[in-house]
Structures are given as structure tokens and as C-alpha cells.
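To start, the structure itself, in C-alpha cells.
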Amino acid sequence: MSRYIGKRLVLMLVTLWVISTLTFVLMHSIPGDPFSSEKKLPKQTLENLKAKYHLDEPLPVQYVLYMKNLVMFDLGVSIKSETRTVNEYISDGFPVSAELGAYSMILALVLGIGMGVLAAFRQNKLADYNVMVLAVLGLSVPSFVIAPFFQKWFGGDWLPLMGWGDFKHAILPAVALSFLPLALVTRLMRSSMLEVMGQDYIRTARSKGLPPWRVITRHTLRNAIMPVVTIIGPLAVGILTGSFVIEHIFSIPGIGKYFVDSVLNRDYSLIMGITIFYSALLILVNFLVDLAYGLIDPRIKVGGKEAN
Amino acid sequence: MKPLLEINNLHVSFNTYNGEVQAVRGVNLHLNKGEALAIVGESGSGKSVTAQSLVRLIPSPPGLIKQGEVLFDGRDLTQVSEKEMFKIRGSEIGMIFQDPMTSLNPTMTVGKQIMEGLMWHQGYGKAQALQKAVDMLRLVGIPNPEKRVHQYPHQYSGGMRQRAMIAIALACNPKILIADEPTTALDVTIQAQILELMKELQEKMETAIILITHDLGVVAEMAQRVAVMYGGKVVETGTVEDIFYRPRHPYTWGLIQSMPRLDQKREEDLIPIPGSPPDLLDPPKGCPFADRCPHAMQICHEEMPEWTNVSDVHRVTCWLEHPDAPPVEREEPRVNIVSR
Ligand SMILES: Nc1ncnc2c1ncn2[C@@H]1O[C@H](COP(=O)(O)OP(=O)(O)OP(=O)(O)O)[C@@H](O)[C@H]1O
Ligand code: SF4
Ligand SMILES: [Mg+2]
Chain A
1 MSRYIGKRLV LMLVTLWVIS TLTFVLMHSI PGDPFSSEKK LPKQTLENLK AKYHLDEPLP
61 VQYVLYMKNL VMFDLGVSIK SETRTVNEYI SDGFPVSAEL GAYSMILALV LGIGMGVLAA
121 FRQNKLADYN VMVLAVLGLS VPSFVIAPFF QKWFGGDWLP LMGWGDFKHA ILPAVALSFL
181 PLALVTRLMR SSMLEVMGQD YIRTARSKGL PPWRVITRHT LRNAIMPVVT IIGPLAVGIL
241 TGSFVIEHIF SIPGIGKYFV DSVLNRDYSL IMGITIFYSA LLILVNFLVD LAYGLIDPRI
301 KVGGKEAN
Chain B
1 MKPLLEINNL HVSFNTYNGE VQAVRGVNLH LNKGEALAIV GESGSGKSVT AQSLVRLIPS
61 PPGLIKQGEV LFDGRDLTQV SEKEMFKIRG SEIGMIFQDP MTSLNPTMTV GKQIMEGLMW
121 HQGYGKAQAL QKAVDMLRLV GIPNPEKRVH QYPHQYSGGM RQRAMIAIAL ACNPKILIAD
181 EPTTALDVTI QAQILELMKE LQEKMETAII LITHDLGVVA EMAQRVAVMY GGKVVETGTV
241 EDIFYRPRHP YTWGLIQSMP RLDQKREEDL IPIPGSPPDL LDPPKGCPFA DRCPHAMQIC
301 HEEMPEWTNV SDVHRVTCWL EHPDAPPVER EEPRVNIVSR
């Protein structure tokens with residue numbers, strides 16, 4: 001097991017290195033640089049600035065410099081703000097984004113699993129149709145369309161329209177952000193429940209005389225939840241990318257907002273920093289999910305040999 | 001003596017998009033205490049539906065018990081509340097299913113799956129139930145049960161899983177064990193072992209068994225009485241000797257003829273019955289076998305034959321039994337039961 005984890009950790013580092021290299025190359029292959037929008041700068045100032053951030057060096061040199069700092073967990077200084085480091089941006093923005101993301105994830109999982117179970121039990125009945133309509137809506141309507149409607153309907157007297165502060169501020173954006181993952185979880189949970197409910201071992205459980213709630217809690221749920229666990233990784237991706245837009249719409253000072261700004265500004269170091277940070281996060285989530293499989297399904301022995 | 005279980009005029013249907021599938025159409029059966037009754041008949045004849053209807057395990061919807069009674073212990077199981085049914089299933093009537101690979105919960109240890117019934121029905125505590133689970137595994141011949149009890153089904157072989165299923169079904173010492181093709185999915189050598197085990201346990205625990213099978217060899221080995229089903233109906237019933245040596249129903253003859261024998265020389269000696277079973281969406285009003293029966297008469301297509309008592313236990317529904325029916329030349333039965 002520990003050997004497996006070690007192997008995975010090395011693999012994760014390699015993945016991260018590939019991603020950062022790719023981002024570096026891609027970012028520099030787009031025409032323009034952080035200062036190209038500010039036309040009025042005198043030539044000398046521009047060159048000074050470029051020298052300050054080593055932008056005048058050949059790309060390979062810049063790359064090596066960047067990687068050196070990265071190994072020390074130093075993501076550099078934001079080119080645009082000149083004073084704030086990327087690490088500061090992340091340590092400021094991430095807790096906000098993480099809180100928002102966590103609410104959305106919890107909402108999507110709890111409500112999605114609940115609704116999926118309900119729909120499966122009321123298959124082809126009214127509750128099922130309602131749930132499925134909701135799920136289709138969530139899948140087909142992007143969050144940036146939903147969000148403004150939320151602001152219009154619920155914002156104002158009850159809930160703050162935008163900004164960040166107490167829990168009230170989180171409600172609208174979290175619900176808007178959870179729409180897509182909620183729909184995914186609901187649909188998956190419903191189909192997975194239906195599949196498990198038709199399995200022979202459920203009939204076996206019933207043949208023992210167990211009442212329905214026991215059959216569900218002890219036999220159905222655990223088997224039906226597997227597919228949902230496997231999509232937690234992709235769900236996290238969805239919530240992250242969704243948060244870029246949602247944070248913008250609701251003016252939430254999270255990483256997503258900084259990221260969008262950084263791309264617009266060609267703020268090289270901030271783009272790199274956030275990309276690498278989020279990549280690391282996702283790689284970690286996927287790793288944890290893989291470990292969780294083994295806990296839920298005994299047939300999957302994570303890394304180890306079959307114990308017999 | 002009153003039978004342990006009595007099925008009267010059972011009708012079970014499935015509502016499908018194409019209409020009502022009348023899977024079971026008026027089945028009458030009884031099971032005596034400690035006896036093994038085999039239900040035979042070709043695929044789709046309604047054996048499983050009959051068995052699962054006894055304990056109301058058919059998926060519902062679409063399945064529905066439309067008519068009839070299942071008398072057990074002074075109660076009609078088609079009428080008792082679902083709550084009462086929970087107490088009967090697993091405790092008074094245990095079940096084993098065909099495919100041991102899929103019939104056990106993959107995410108629960110075998111031990112817990114045995115303990116569950118004990119804790120639910122008999123109020124066992126954890127430790128007590130675990131002990132009993134180990135005992136049950138030992139009883140069904142699982143080696144090293146103290147260790148095996150904590151393992152998951154995927155760590156068991158197919159034969160061992162079926163043994164575990166038997167342990168689950170018998171844990172609460174039920175009066176009736178329903179075994180739906182318990183050996184069909186297993187290797188031939190394992191089949192024999194499982195049958196041996198069931199026979200041994202039946203004698204030890206005095207459990208009555210309803211054994212569903214395609215395999216007449218299994219019938220000969222295990223059962224005292226046989227019910228032959230065709231097209232959702234029981235067409236003939238009697239002792240194993242009645243059915244093997246003195247079959248009266250043309251379908252039973254066909255079944256016996258198509259049985260592979262030890263002294264058989266060539267493949268073509270096996271005579272399958274030509275034709276296909278009746279459409280249960282629109283079942284014939286007469287004898288279900290009429291389309292395939294070499295002796296079918298006009299009346300067979302029009303009216304269902306009554307029951308004829310050949311002897312006390314040997315009963316058959318066929319127009320050939322009618323006094324006015326033309327005499328039919330019956331082939332000598334070509335079986336010897338003591339094979340296998
Ligand atoms: N859930 C269901 N929905 C619709 N029809 C069904 C359902 N279950 C069974 N049937 C029908 O009921 C009839 C009897 O099925 P049953 O499973 O009892 O046959 P069987 O005698 O056990 O056959 P086999 O030997 O193949 O197991 C079949 O025609 C089948 O198509
Ligand atoms: S009733 Fe007629 S059709 Fe049916 S088995 Fe007897 S002879 Fe054949
Ligand atoms: Mg069957």
C-alpha cells in the first residue's frame with residue numbers, strides 16, 4: 001500500500017511538471033505580453049520592466065528560472081500588481097473559492113444522491129419526472145445563464161446580490177454553481193440505483209425477509225454510490241471551472257475572479273501560478289478518490305495484491 | 001395429514017408494454033413436511049414465477065398475483081400483510097437462486113450476509129450471530145470458516161458461493177427451502193457436490209424442498225415427487241417413479257425421451273420436442289401443449305382437459321385420459337433412474 005502511494009506521488013509530480021511546462025509554452029506562444037496593452041510606456045521603461053521580470057531573456061532561460069522557483073513553492077510576483085506575490089493571491093483567494101466550492105459540492109452530493117434515490121423509487125411517477133426535468137435543466141442551461149436569474153428572483157431583500165462576507169452571501173452563488181454537478185449526480189444516482197435494485201443480490205436480501213429500508217441502507221446504497229464516487233474528480237473540475245464565471249458574476253474575491261483577470265491582463269506569473277495550483281489540487285482530489293474506491297468496494301484492492 | 005404448503009389455483013401475470021403476460025395460469029401444488037418436490041418444465045413454463053410468488057418476491061410492478069391462494073401454517077400468503085411476510089421470508093421459507101456469482105452482495109462480507117437474517121429474525125446479538133455464521137459455513141462444508149466468514153464473495157469460488165447461499169437460506173432453520181436451479185450455473189463435479197450437500201442437510205434439518213430444475217438427472221437424485229409444468233400450468237404430477245416409468249402426459253413423455261442417458265450411443269438419440277411453447281400474451285384456451293402434441297385432437301384446441309387421478313398421487317390433465325379418447329400407443333419409457 002505505501003509503495004503504491006509512493007508510486008502515485010511520483011506520478012503526480014511528473015503530471016504536474018508536464019502541465020506546468022505545457023502551460024508555460026502555450027502562454028508564451030500567444031502573441032503579446034503583459035505590457036502590450038499599455039501603449040504609452042516609453043521604450044526605456046518597457047525594457048526595464050521586461051528586464052525586471054526576465055522577460056528579455058530567451059525562453060529556455062525563463063523556463064529554467066521559473067522551474068527553480070516553483071520547486072521552492074515560489075510562484076513569483078504578479079506582473080500587473082508589482083507588489084503582491086502570486087502566493088498571496090492564492091492564499092487570499094483560495095479560502096473563499098474553497099468555501100464556495102465546498103458548499104456547492106456538498107449541495108450537489110447530498111441533494112443529488114437524495115433526489116436520485118427518490119427518483120429511482122418513484123420510477124416513472126410524478127416525483128421521478130420532476131427530478132428528471134430538473135436534471136435536464138441543470139445539464140443544458142449553463143450556470144452563467146442561471147446566475148442572473150437567481151440574482152433577479154432571490155437577490156435583494158432576502159439575499160445579497162453579490163459580494164462576499166457571511167454565509168448569506170454564499171447561498172446564491174453556491175446554488176448556481178452546484179446546478180451542473182447536482183444534475184450529474186442526480187442522474188447518475190438514479191440510474192445506478194435502478195441498476196442495483198434489479199440485481200440478484202437485492203432479491204437475495206429481500207428473500208431473507210429484510211424490510212425495504214434495511215435492504216436499501218445495507219445493500220442498495222453502498223453499491224449504487226460507487227459510480228458517484230468515481231465522478232467526484234470530474235465534478236471538482238466542473239465546480240472549479242464553473243467558479244471562474246460564478247465568482248465573476250457575483251463579484252466574489254476568489255481565485256476564479258483573479259484567474260479571469262490574469263488571463264485578460266496576460267499576467268504571466270499569475271496565470272501560471274493559478275493553473276499549477278489548481279492542477280495540483282485536482283490531481284490530489286483524483287488520488288484521494290482512488291483511495292476511497294478501495295474503502296467502498298472490497299473487490300478493488302488499491303495497489304495491493306488480493307488478500308486471500 | 002395436512003400438507004405443509006398448499007397452492008390453489010395460482011394465477012400470476014406481468015403487465016408489459018405488449019400486454020399481459022400470463023406467466024402462471026392456475027397452478028395447484030402441495031408440499032408435504034420434509035419432502036422434496038421437483039418442478040420441471042422447459043424454459044418459460046413459469047417455474048421461477050411460481051416459486052417466487054409463494055413468498056411474493058416477483059418484481060411488482062410489473063408482476064401481480066391475480067388469483068389463488070398459498071396456504072402455509074394456517075395463513076394465505078397471498079393475503080397476509082407485507083410486514084408479516086418479512087417474518088416469513090428467510091425465517092420460515094428460505095431461497096437459493098440459480099447464479100451464485102450474482103446472488104451475493106459484493107460489498108458485504110459473507111459472514112455479515114449470513115448474520116443479517118439471524119439478527120433480524122431471531123434477535124441474535126453480533127457475537128452470537130457471528131458464531132452461528134461460522135457454524136453454518138462449517139455445516140455447508142466451507143473450509144477454514146473462522147477466516148472465511150470475514151471474506152467477501154469475490155474471494156470465494158463459484159461452488160463455495162453456492163454453499164454460502166445455502167448457509168444464508170438455512171441459517172434460520174426454515175421449514176421450506178426453495179431452490180431455483182441451484183446447480184445450473186456450476187461445473188458438473190461441483191453440481192454433484194452441491195446436490196449431495198442439499199440432500200444431506202434436508203435430512204439433517206428436516207427441511208422440505210421445492211427444487212426447480214431442467215435436469216431430470218437432478219430430479220432422480222433429489223426428489224420424491226415431481227410436478228411437470230408447461231405453458232404456465234402444471235400438466236402432470238406424481239412420484240418420481242410415476243413420472244419416469246409411467247408418464248401419462250405427452251409432454252412428460254417427450255421430456256423423458258429427451259433426457260440424455262448413460263447408455264446412449266449417438267447424439268441423435270436425443271429427441272427434442274419439436275415446436276415452441278405457447279404465447280403467454282395470448283394463451284390458448286385449450287391444452288397448452290396442443291400445438292406440439294403428436295396426439296392432439298379437436299377438443300384439445302378448444303377446451304382445457306380436467307384433472308384425472310391415475311392414482312392417489314399421480315394426476316394428469318390430458319384429454320387422452322377421457323374414456324371416449326382413442327387409444328394411443330405409448331412408447332416404453334427409456335430411462336433408468338439410477339444413472340449419474
Ligand atoms: N419481470 C417479468 N416481466 C415480464 N415477463 C416476465 C417477467 N418475469 C417472467 N416473465 C415471463 O414469465 C414466464 C415464465 O417465466 P419463468 O421465469 O417462471 O420461467 P421458468 O420456467 O423459470 O424458465 P427458466 O427455466 O428459463 O428459468 C416467461 O414467459 C417470462 O417471459
Ligand atoms: S390434451 Fe390433447 S393436446 Fe394436450 S397433451 Fe393431451 S392429447 Fe395432447
Ligand atoms: Mg427460472
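Going down the list, the protein sequences come from chains A and B. Per UniProt numbering, residue 1 is the first one in the first sequence, and the count goes up by one each step. Per UniProt numbering, residue 1 is the first one in the second sequence, and the count goes up by one each step. We put the CB at the ideal spot given by N, CA and C, even for glycine.
Discussion item. Counting only beta-carbon separations shorter than 8 angstroms, does residue 205 of chain A have a partner in chain B?
Written reply: Position 205 of the first sequence, counted from the first residue, corresponds to residue 205 of chain A. Against chain B, the CB of residue 205 of chain A has a partner CB under 8 angstroms away; the residue lies at that interface.
Item to complete: Give me the Cβ distance between residue 254 of chain A and residue 96 of chain A, rounded to the nearest whole Å; I'm assuming they're in contact under 8 angstroms.
Response: The sequence position of residue 254 of chain A within the first sequence is 254, counting from 1. The sequence position of residue 96 of chain A within the first sequence is 96, counting from 1. 4 angstroms between Cβ atoms; contact.
Practice prompt. Drop a sphere of 10 angstroms on the beta-carbon of residue 298 of chain B, count the other beta-carbons inside from all chains shown, and report buried for 16 or more, exposed for fewer.
Written response: Taking the first residue of the second sequence as position 1, residue 298 of chain B is located at position 298. Flag for residue 298 of chain B reads exposed.
Practice prompt. Let me know the secondary structure DSSP gives residue 256 of chain A once reduced to three states.
Written response: On the first sequence, position 256 is the one that residue 256 of chain A refers to. DSSP places residue 256 of chain A within a helical segment (H, G or I) once states are collapsed to three.
Worksheet item: Are any of the Cβ atoms in chain A nearer than 8 angstroms to that of residue 327 of chain B?
Response: Mapped onto the second sequence, residue 327 of chain B falls at position 327. No, its Cβ sits nowhere closer than 8 angstroms to a Cβ of chain A.
Discussion item. Taking the beta strand (DSSP E) that residue 69 of chain B belongs to, which residues open and close that run?
Written reply: Position 69 of the second sequence, counted from the first residue, corresponds to residue 69 of chain B. First-last of the beta strand (DSSP E) with residue 69 of chain B: 63 to 72.
Practice prompt. Just the chain B side, please: which residues come within less than 8 angstroms of residue 200 of chain A by C-beta, in chain order?
Written response: For the purposes of this step, residue 200 of chain A is taken as residue 200 along the first sequence, with counting starting at 1. Correct list: 97, 99, 102, 103.
Worksheet entry | Sheet register partners of residue 186 of chain A (DSSP bridge) | For the purposes of this step, residue 186 of chain A is identified with residue 186 of the first sequence, where counting begins at 1. According to DSSP, residue 186 of chain A bridges with nothing at all.
Discussion item. Beta-carbon within less than 7 angstroms of residue 259 of chain A's beta-carbon, same chain only, minus the 5 sequence neighbours each way: which residues are those?
Written reply: As a working note, residue 259 of chain A is residue 259 in the first sequence. Within the same chain, residue 259 of chain A has close Cβ partners 244, 274.
Worksheet item: Are the beta-carbon atoms of residue 226 of chain A and residue 290 of chain A separated by less than 8 angstroms?
Response: By 1-based counting over the first sequence, the position of residue 226 of chain A is 226. By 1-based counting over the first sequence, the position of residue 290 of chain A is 290. No; because the gap between Cβ atoms is not below 8 angstroms, this pair is not in contact.
Practice prompt. Find the nearest neighbour of residue 110 of chain B within the set B/74, B/65, B/157, judged by alpha-carbon distance.
Written response: Here residue 110 of chain B refers to the residue found at position 110 when the second sequence is read from its first residue. Among B/74, B/65, B/157, the Cα nearest to that of residue 110 of chain B is on B/157.
Discussion item. Taking 7 angstroms as the cut-off, is the C-beta of residue 14 of chain B nearer than that to any heavy atom in ligand 2?
Written reply: The residue labelled residue 14 of chain B in the question sits at position 14 within the second sequence. Flag unset: Cβ of residue 14 of chain B not near ligand 2.
Worksheet item: So what does residue 230 of chain B bridge to, in DSSP terms?
Response: Reading the second sequence from its first residue, position 230 is the one you call residue 230 of chain B. Note: residue 230 of chain B sits in a beta bridge opposite B/233.
Worksheet item: If contact means a Cβ-Cβ distance below 7 angstroms, which residues of the segment 185 to 215 of chain B contact chain A?
Response: Answer set for the segment 185 to 215 of chain B: empty.
Worksheet item: Within 10 angstroms of its Cβ, does residue 90 of chain A collect 16 or more other Cβ (buried), or is it exposed?
Response: Your numbering for residue 90 of chain A matches position 90 in the first sequence. By the neighbour-count criterion, in which a residue is buried when 16 or more other Cβ atoms sit within 10 angstroms of its Cβ, residue 90 of chain A is buried.
Discussion item. Pairs of beta-carbons, one from the segment 66 to 76 of chain B and one from the segment 238 to 255 of chain B, closer than 8 angstroms: are there three or more?
Written reply: no
Worksheet item: Applying a beta-carbon distance threshold of less than 8 angstroms, which residues of chain A neighbour residue 168 of chain B?
Response: Stepping through the second sequence from its first residue, residue 168 of chain B is reached at position 168. Simply 204, 208.
Discussion item. Can you give me the C-alpha to C-alpha distance between residue 87 of chain A and residue 181 of chain A, rounded to a whole angstrom?
Written reply: If you number the first sequence from 1, residue 87 of chain A lands on position 87. If you number the first sequence from 1, residue 181 of chain A lands on position 181. C-alpha separation (whole angstroms): 29 angstroms.
Worksheet entry | Cβ-heavy atom distance, residue 351 of chain B to ligand 3, below 7 angstroms | Because chain B here runs from 1 to 340, residue 351 of chain B falls outside it and cannot be looked at.
Discussion item. Is residue 297 of chain A close to chain B? Criterion is C-beta to C-beta, closer than 8 angstroms.
Written reply: Taking the first sequence and counting its residues from 1, the one referred to as residue 297 of chain A is at position 297. Interface residue, yes.
Item to complete: Provide the residue(s) that pair with residue 281 of chain A in DSSP beta bridges, ordered along the chain.
Response: Sequence index remark: in the first sequence, residue 281 of chain A carries index 281 (1-based). For residue 281 of chain A, which the question treats as bridged, DSSP gives no partner whatsoever.
Worksheet item: Taking Cβ-Cβ distances shorter than 9 angstroms, what residues in chain A pair up with residue 107 of chain B?
Response: Counting from one through the second sequence, the residue named residue 107 of chain B turns up at place 107. The answer, in chain order, is 219, 222, 223, 226, 296, 297, 298, 299.
Discussion item. Tell me the rounded alpha-carbon separation between residue 268 of chain B and residue 258 of chain B.
Written reply: Position 268 of the second sequence, counted from the start, is the residue given in the question as residue 268 of chain B. Position 258 of the second sequence, counted from the start, is the residue given in the question as residue 258 of chain B. Below a pLDDT of 50, predicted positions are generally treated as unreliable, and residue 268 of chain B, at 48, falls in that range; the measurement from the model is reported next regardless. Straight-line spacing of the CA atoms in residue 268 of chain B and residue 258 of chain B works out to 10 angstroms.
Discussion item. Using 8 angstroms for Cβ pairs, my map puts residue 79 of chain A next to residue 278 of chain A. What's the rounded Cβ distance?
Written reply: To locate residue 79 of chain A, count along the first sequence from 1; it is residue 79. To locate residue 278 of chain A, count along the first sequence from 1; it is residue 278. With 8 angstroms as the limit, residue 79 of chain A and residue 278 of chain A do not qualify as a contact, their Cβ atoms being about 19 angstroms apart.
Worksheet item: Going by the C-beta, is residue 172 of chain B closer than 7 angstroms to any heavy atom of ligand 2?
Response: Here residue 172 of chain B corresponds to residue number 172 of the second sequence, with the count starting at 1. No, the Cβ of residue 172 of chain B stays beyond 7 angstroms of every heavy atom of ligand 2.
Discussion item. For a minimum of 4 consecutive residues, which ranges assigned as the alpha helix (DSSP H) are wholly contained in the segment 213 to 273 of chain A?
Written reply: 221 to 224, 226 to 230, 232 to 249, 255 to 265
Worksheet entry | Selected residue, minimal CA-CA separation from residue 31 of chain B, among B/15, B/224, B/168, B/197 | Counting from one through the second sequence, the residue named residue 31 of chain B turns up at place 31. It is B/224.
Item to complete: Please write down, chain order preserved, every residue whose beta carbon lies under 5 angstroms from a heavy atom of ligand 2.
Response: Ordered along the chain, the selected set is B/250, B/287, B/289, B/290, B/293, B/295, B/296, B/300, B/305, B/318, B/319, B/320.
Discussion item. Starting from residue 16 of chain B, trace the beta strand (DSSP E) in both directions and tell me its first and last residue.
Written reply: What you label residue 16 of chain B is simply residue 16 of the second sequence in a count that begins at 1. Residues 5 to 16.
Worksheet item: Can you tell which of A/68, A/229, A/28, A/83 has its C-alpha closest to the C-alpha of residue 185 of chain A?
Response: In the first sequence, residue 185 of chain A corresponds to position 185, counting from 1. The option with the nearest alpha carbon to residue 185 of chain A is A/229.
Discussion item. At the 8 angstroms Cβ level, is residue 211 of chain A part of the contact set with chain B, yes or no?
Written reply: Sequence index remark: in the first sequence, residue 211 of chain A carries index 211 (1-based). Yes, because at least one Cβ of chain B sits closer than 8 angstroms to the Cβ of residue 211 of chain A.
Practice prompt. With hydrogens ignored, establish whether the beta-carbon of residue 181 of chain B is closer than 7 angstroms to any heavy atom of ligand 3.
Written response: Residue mapping note: residue 181 of chain B aligns to position 181 of the second sequence, counting from 1. Yes.
Discussion item. I'd like to know whether the C-beta of residue 116 of chain B is nearer than 8 angstroms to at least one C-beta of chain A.
Written reply: Here residue 116 of chain B is taken as the residue at index 116 of the second sequence, counted from 1. Closer than 8 angstroms to some Cβ of chain A, the Cβ of residue 116 of chain B qualifies, so yes.
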